[in-house]
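Each residue of the sequence shown is one higher than the last, beginning at 367 in my numbering. The beta carbon of each residue, even a glycine, is placed where N, CA and C say it ideally should be. Written out below as structure tokens is the structure these notes cover.
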Amino acid sequence: MQPGRRDVSTHRTRRLKGTWIRRAPYASIVLLGSTLLIDPGPSSAQAVDVPPLGGDIRSRSRLTGNWNGLRDELGKKGVVLDTDLLLTPQGIMSGGKGTDAGIWGTAIYTLNVDTDKLGLWPGGFFKFQGMSTFGHSVLGNTGAIVPPNEAWLFPGLNQPASGLMNATFTQFLSPKVGLVAGKINILDLITGTFAGDYRTQFLNTGINLPMAFALTPISAFGGGTILLPTQNITLMAMAVDANGTATNNDVGKAFENGTTVLAAGKVTIKPFGLVGNQSVTGMWSDKSRLSLIQDPSNVGRGLLTERYPRLAAPGPLLQGIIERYAPELLVPVQPANREDSTWAIAYGFDQYLWQPAGDPKRGIGVFFNFGTTDGRANPIQYSYNMGIVGNGVVPGRPRDTLGLGWARTQFSDNFAPLLRARLPLGLEHEDAIEIYYNASITPWLNLTPDLQIIEPGLKKTLGSSGNLNNVNTVIMGGLRVYIRF
């Protein structure tokens with residue numbers, strides 16, 4: 367998780383309460399706080415400095431243009447409305463539980479409001495974002511526990527749904543301090559220079575996100591603060607509802623079942639003039655959860671009922687196997703053990719290795735992230751991801767990007783040890799390799815061929831005859847279509 371990644375390219379100044387301040391630090395605050403001014407697009411980072419929306423259909427930044435000038439006028443007043451569509455047709459070519467194909471769609475609606483530009487008061491920003499999903503995914507037949515397509519996770523896990531991802535207000539108290547409150551899309555805090563944006567970068571969840579944070583909600587009510595002690599250091603602290611989801615908007619029940627606290631720090635460095643970032647992120651939660659360490663009779667209860675926000679639910683994958691081969695694990699004889707807290711921590715970096723002179727947005731770079739957890743409530747013990755990415759390096763294609771990434775999700779030794787000892791289920795680790803080429807056809811249309819090779823963590827599935835069948839290495843291909851209206 368790298369707060370404030372998105373590249374801030376403007377350094378215009380404005381006067382606020384008699385003090386000259388740079389817009390760039392303020393944009394960093396907004397980005398960190400998952401607030402209104404995080405542009406829903408793949409690479410924008412300005413505080414609603416939207417480009418001119420007019421021009422012909424091949425050069426304009428949005429398909430529908432500037433609405434006879436209305437959109438440009440609203441942008442000048444700090445009101446920016448965007449509607450985007452993401453389509454991901456994908457197919458399993460071999461391996462997994464069997465071949466399959468499907469198209470998954472995500473519609474994204476985002477409204478940004480800058481109170482200063484609107485003539486109300488300085489330093490205030492609102493962001494509202496809703497999502498609707500539709501279609502058919504191939505997640506069930508991959509056999510993967512870490513979803514190969516991050517878009518399958520929300521608003522509802524692997525099912526068509528609509529939800530409110532973000533509804534936040536941010537207020538700057540000074541050029542170095544900002545506060546944010548509301549319903550926060552926590553994934554906006556994770557986007558990095560080379561990974562984290564499933565709309566234009568990698569699709570695989572394990573490459574985009576540190577899976578050590580599997581128990582962290584995706585969207586939740588909460589608030590926090592963002593500090594910018596220097597131009598190159600960004601700090602964040604935030605508390606959110608541990609039970610938050612995109613489809614639950616009942617603020618009256620927020621924090622009833624516990625709190626999740628997030629803290630992060632990022633340092634921007636420039637070795638040999640090449641841009642890079644180093645970050646550390648921590649999570650702690652006091653939500654009471656079923657422990658992975660159980661009496662054998664309670665193993666089934668934990669596997670079938672516990673929900674992990676950023677993983678495919680392991681219960682449905684294992685239920686038939688337990689019923690067929692270990693039914694005694696489904697009949698508890700004593701109260702289940704619980705964990706009153708859980709934690710995770712991750713370190714990551716991204717670093718350009720080569721950049722053309724005078725262009726900070728292009729070049730070849732690498733990224734890496736390592737995370738660890740207590741492994742008692744969290745089924746993930748360690749997570750790793752790394753990769754190499756090229757931005758604008760193909761001759762004649764300055765907006766195209768390409769990447770090669772790898773991820774390993776290592777499960778806790780406490781994750782169903784008796785079941786794993788009795789049956790050859792695997793459940794030791796899950797690996798994924800992904801390669802993509804993101805072609806910018808126009809500023810509003812991106813097409814991305816994508817290929818993934820996945821070694822599923824769960825090595826067996828229950829066949830129609832009741833026998834255990836192998837879940838082999840998955841090879842799946844797809845095409846991502848991203849349209850900005």
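Per DSSP, Met602 is paired with what?
BP columns for Met602 point to Ile592, Ala630.
If you draw a straight line from the C-alpha of Lys483 to the C-alpha of Thr571, how long is it?
The straight-line gap separating the alpha-carbon atoms of Lys483 and Thr571 is approximately 37 Å.
Count the other C-beta atoms from every protein chain shown that fall within 10 angstroms of the C-beta of Ile635, then say buried if there are 16 or more, exposed otherwise.
With fewer than 16 other beta carbons inside 10 angstroms of its own, Ile635 counts as exposed.
Taking Cβ positions, are Arg424 and Thr708 nearer each other than 8 Å?
No, these two residues do not count as a Cβ contact at 8 Å.
What is the rounded straight-line gap between the Cα of Pro369 and the Cα of Leu696?
Low confidence applies to Pro369: its pLDDT is 49, below 50, so where it sits in the model is not reliable, and the reading given next is rough at best. So the two alpha carbons sit approximately 42 Å from each other.
Beta bridge counterpart(s) of Glu554 as assigned by DSSP:
Note on residue identity: the sequence assigns Asp, not Glu, to residue 554. DSSP lists no beta-bridge partner residue for Asp554.
Rounded C-beta distance between Ser585 and Gly610? I'm assuming under 8 Å.
The pair is a contact, with the Cβ atoms about 6 Å apart (cut-off 8 Å).
Return helix, strand or coil for Glu796, following the three-state DSSP convention.
Residue state, collapsed to three classes: strand.
Counting along the chain, where does the alpha helix (DSSP H) carrying Arg786 start and finish?
Where Arg786 is concerned, the enclosing alpha helix (DSSP H) stretches over 783-788.
Go ahead and pull the three-state DSSP assignment for Val617.
It is helical.
Could you tell me the alpha carbon to alpha carbon distance between Ala578 and Leu447, rounded to whole angstroms?
Straight-line spacing of the CA atoms in Ala578 and Leu447 works out to 34 Å.
Going by C-alpha distance, which of His502, Thr508, Ile754 is nearest Gly522?
The shortest Cα separation from Gly522 among His502, Thr508, Ile754 belongs to His502.
What's the C-alpha gap between Lys826 and Gly544?
Cα-Cα distance, rounded: 49 Å.
Range covered by the beta strand (DSSP E) that runs through Leu484:
Element bounds for Leu484: n/a, residue is neither H nor E.
Can you tell me which residues form a DSSP beta bridge with Asn609?
Beta-bridge pairing links Asn609 to no other residue.
So the alpha helix (DSSP H) Gly506 belongs to, where does it begin and stop?
Note, Gly506: alpha helix (DSSP H), 505-508.
Tyr564 versus Gln456 - alpha carbon distance
So the alpha carbons of these two residues sit roughly 14 Å apart.
Sub-8 Å separation of Ile550 and Ala561 beta-carbons
Not a contact, by the Cβ cut-off of 8 Å.
Burial state of Asp554, where buried means 16 or more other Cβ atoms lie within 10 Å
Counting Cβ neighbours within 10 Å, Asp554 comes out buried, since at least 16 surround it.
Three-state secondary structure (DSSP) at Phe638?
Phe638 carries a helical assignment under DSSP once its states are collapsed to helix, strand and coil.
Count Cβ pairs between the segment 745-752 and the segment 777-787 that sit closer than 8 Å; are there 3 or more?
Short answer: they touch.
If distances are taken between C-alpha atoms only, which option among Glu821, Tyr802, Asp797 comes closest to Thr814?
Nearest of Glu821, Tyr802, Asp797 to Thr814, Cα basis: Tyr802.
With DSSP as the reference, identify every bridge partner of Leu447, one or two as the case may be.
Paired residue(s): Leu477.
Out of curiosity, what's the CA-to-CA distance linking Gly844 and Gln567?
Roughly 14 Å between the two C-alpha positions.
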